[in-house]
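Beneath this line is the structure, given in structure tokens, with notes to follow.
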Amino acid sequence: MKNKWIVILLFLTLGACSDASERSVYPSQDVELEKVLDEQDSIIGYKSLMDDNTLLVSIEIPTMKRFSKVKIEENIKKELENQYPNKEVIVIDDLKVRWEIEKIIEKEQESKELTKSIEKILALSKEET
Amino acid sequence: MDQKQFEDIVDKQNPKTPMFTNMLKAFLVGGIICTIGQLLVFFYIRFFSFTERTAANPTAATLVFIAMLLTGFGYYKKISQFAGAGSAVPITGFGNSVVSAAIEHKTEGYVLGVGGNMFKLAGSVIVFGVLSAFFVALIKTILVKIGVVSW
Amino acid sequence: MISSLIVAFVVGGLICVVGQILMDGLKLTPAHTMSTLVVSGSILDGFGLYEPLIAFAGAGATVPITSFGNSLTHGALAEAEKHGLIGVLTGMFEVTSSGISAAILFGIIAAFIFQKRNTTY
Amino acid sequence: MVKANGTIQFTEKPSIASTGVTVGPMEKDSPFASAFDEILLLEKEKNESYEEANTRFIEKACAITVKKGHEKMENIDVFIGGDLINQLSPTNFAARKLKIPYLGVFSACASSVESLIIGSLLLESGKASSILAGASSHHPAVERQFRYPLEYGAQKPKTAQWTVTAAGFALLQKQVKNAPIITHGTIGRVVDGKQANPLHMGAAMAPAARDTIERHLTNTNSKVSDFDVIMTGDLGKIGLNILKDMFTDEDCHVILQDAGAQFYGEDTFFNAGASGAGCSAAVFLSHIYNQLQNGTFKRVLLVATGALLSPLTFQQGETIPCIAHAIECRMEKRN
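This is the structure we're talking about:
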């Protein structure tokens, strides 16, 4: 009786998420960003959103390298900050952020809406409890 | 029949605890409970606004709820007779110790019985958790102030 | 996704094996074992080893009781970073509260709902 | 040579006129089940606490005993009983209902034989003519007091024993025809085998059992082989093996038996077997009593063993002192 519920849950969560190691940048005309992110050997996927003053990058670290998750996030953040000095760069490896960015990319949101959703994601990622 | 002889007899007759099988069972059941926890984490990330870091809280609450159901219907002690530490170490074990004490002292009334005895088993976990957290944080803060260590 | 499940299974299982060793090998009572694990969780966090383990294992590290010690220490340290020594006290239950409040709440609810049972096999 | 008396010879032939044994649901598959008088299928009724349930078991056992002895409860001079719960509350509440003079006794799981000894002494002194004596234990009530809450998931080791839910009482009267006679009683000494593990009672109680048996044998200058059976109360499977190892000559290993070890047969759910005052009371006053009456056993030594620890002494780091009381029963030829 109990494990039937778990099996349903298993399919539910697995079906919900799309292919893991996707690489996408939105709005997609920034080839340079893609080049920098492709060079990173310690990540296997990324999704990023950019508007006029913030650059949000959600990265995906392979399981074995997840121990040094914080270090990897900082390195990529530093590198991107040199690339985009005037932008506030945020690099996070988090499933929720990745799924939210996916949603936004699918909806092709434009400037004002895009900024609002980025703020929402940032607030979410800052939460402690 | 002095004490030494008696103790030799006791050691001879004592059944050896099956360490390896107990560890294997604990590994299996503990692993399963943590996998269920991971599924719950995915569930909360997928359907609620929790990130990977904050999804642990609702997961812990859900696992304690499951432990309450298992304890109330009498399955938990059967699982833990099989699993041992495998069912005691995860948060479900903590939930079981609180729920079982609460149910146990129901006949002594809700205030004195349940209220007074609920943390009879789990209290030491909280006390020593806070105590060790305090000293570790204190020592680390002092070390940082001296500059030996960084945050 | 699948790899997180496997890793959670393995790491969670290993922590429970440590618990079993404490119980069977050192003949500790369950209460002593749990307290030892909580203390070791907070010491690991003092050395900054537990957070990477959570990043690596996910629920494999947050479900066992060691994560309770870790989140207590983590809350205290985070607050101490902002407010100095006083922060150690004020930040203690900052991060973790769901485990205990859930236990208390479901404990009293269980006392209302469940009847004491006749022993069965 | 162990020089300590403590053995009393009963000359007035106090005999066990009738017995009454009630057991709980977990005990219905025991090899002794056919000998039990009544199996109560509910350890605890709807809104009854475990301690009240224990009282119910005692009342029912006493009623059966008195009825089988063709007596009326008012004619019983003294009710002697004991159990394992704090301040003997279940037996006290049973005595409240029986409304006859009452002596509460406590020596843990040895209370069953202790009450029989005191009953025999009262008969011997001529100050009483019929005594109701026995003991009881109740698994959930004892488990929650001595160990953990019932639903708590603590893994029981192989040496753990299962407290029996049972109440066993006997009607003692003088010179009853065709009834087993209590010829001797040996009062146990507190013996501490330096064992501290409350989940391994067998090892703790074995030295006390050995001390009482040896004293009984020397004081009545008899040998182990003179007895049909020497049955200890609740040493359990491991405790019994320890006791056997302490008796060097091999031939007595057949005669040495244990009620706890045999109570649940080979079911590994119960690990090392049964324990509790109810275990010795139930087996002595049903199985052994029947064997004596139908002549299979002529002379038996019943040694109830008790561990005198309390939940506090364990936490204070004390070891477990134990005691064992014994009575020798004989069945004279039918005259």
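Chains as they are written, first to last, in my numbering: chain E, 2 to 130; chain A, 5 to 155; chain F, 43 to 163; chain G, 2 to 336. Where is the CB? At the ideal position from N, CA and C, for every residue including glycine. Computed from a predicted structure; not experimentally measured.
Look at the beta carbons and you see the segment 217 to 226 of chain G not touching the segment 189 to 200 of chain G: under three pairs across the two are nearer than 8 Å.
Contact with chain F is absent for E/Lys-48, since none of that chain's Cβ atoms lies less than 8 Å from the residue's Cβ. Neighbours of F/Ser-45 in chain E, taken as residues whose beta carbon is under 8 Å from its own, are Thr-64 in chain order. The beta carbons of G/Ser-281 and G/Ala-308 sit about 13 Å from each other, so the pair does not count as a contact at 8 Å.
Under the three-state reduction of DSSP, E/Glu-89 is assigned to strand.
Residues of the segment 262 to 284 of chain G with a Cβ closer than 8 Å to any Cβ of chain F, in chain order: Phe-270.
Scanning chain A for C-beta atoms nearer than 9 Å to the C-beta of F/Glu-123 yields Thr-145, Val-148, Trp-155, reported in chain order. The Cβ atoms of F/Val-137 and F/Gly-117 sit closer than 8 Å to each other. Taking 8 Å as the CB threshold, A/Thr-111 stays off the interface with chain E. The Cβ of A/Ala-105 sits closer than 8 Å to at least one Cβ of chain G.
Comparing alpha carbon positions, the residue from E/Val-90, E/Gln-110, E/Val-98 closest to E/Leu-34 is E/Val-90.
Each of G/Leu-303, G/Lys-14, G/Leu-218, G/Ala-171 was checked against the Cα of G/His-326, and the nearest Cα belongs to G/Leu-303. In this structure the segment 54 to 62 of chain G touches the segment 80 to 92 of chain G; the number of beta carbon pairs closer than 8 Å is three or more. For G/Trp-163, DSSP records a beta bridge to G/Ala-275. Here the alpha carbon of G/Glu-115 sits roughly 57 Å from the alpha carbon of F/Leu-131. Burial is judged here by how many other beta carbons sit within 10 angstroms of a residue's own beta carbon; F/Thr-104 has at least 16 and is buried. Per DSSP, the unbroken beta strand (DSSP E) holding G/Ile-183 starts and ends at 182 to 187.
Fully enclosed beta strand (DSSP E) runs of no fewer than 3 residues occupy 131 to 138 of the segment 114 to 158 of chain G, in order along the chain. Contact note: E/Arg-99 does not reach chain F at a C-beta cutoff of 9 Å; the least C-beta distance is about 11 Å.
In this chain, F/Thr-162 is not harboured by any alpha helix (DSSP H), its DSSP state being neither H nor E. Residue environment analysis places A/Gln-7 among the exposed positions, since fewer than 16 neighbouring C-beta atoms fall within 10 angstroms of its C-beta. Using a Cβ-Cβ cut-off of 8 Å, F/Pro-94 does not count as an interface residue toward chain A, since no Cβ of chain A sits closer than that to its own.
Legend: CB atoms of the segment 21 to 46 of chain G lying less than 7 Å from CB atoms of chain F belong to residues Pro-26, Met-27, Leu-43, Glu-44, Lys-45. Residue-level contact check: E/Arg-67 touches chain F, since one or more beta carbons of chain F fall below 8 Å from its beta carbon. By the beta-carbon neighbour count (other beta carbons within 10 angstroms, threshold 16), G/Pro-32 is exposed. Around the beta-carbon of G/Gln-196, 16 or more other beta-carbon atoms lie within 10 Å, marking it buried. At least one CB atom of chain E sits nearer than 8 Å to the CB of F/Ala-97.
Residues of chain A whose Cβ lies closer than 8 Å to the Cβ of G/Glu-251 do not exist, since the nearest Cβ in that chain is about 15 Å away. In the structure shown, the three-state DSSP call for G/Arg-190 is coil. A/Phe-54 is positioned such that its CB atom lies closer than 8 Å to that of E/Lys-97. Taking C-alpha positions only, F/Gly-90 is separated from A/Val-153 by approximately 11 Å. Under the three-state reduction of DSSP output, E/Ser-49 falls in the strand class.
Residue nearest to G/Asp-30 within the set G/Lys-334, G/Gly-127, G/Cys-323, G/Phe-264 is G/Phe-264 (criterion: CA-CA distance).
A straight-line Cα-Cα distance of about 26 Å links A/Lys-149 and F/Val-80.
A/Arg-57 and A/Leu-73 have their C-alpha atoms roughly 26 Å apart. Excluding sequence positions up to five before and after E/Asp-31, its CB lies within less than 8 Å of the CB of Met-51, all in the same chain and listed in chain order.
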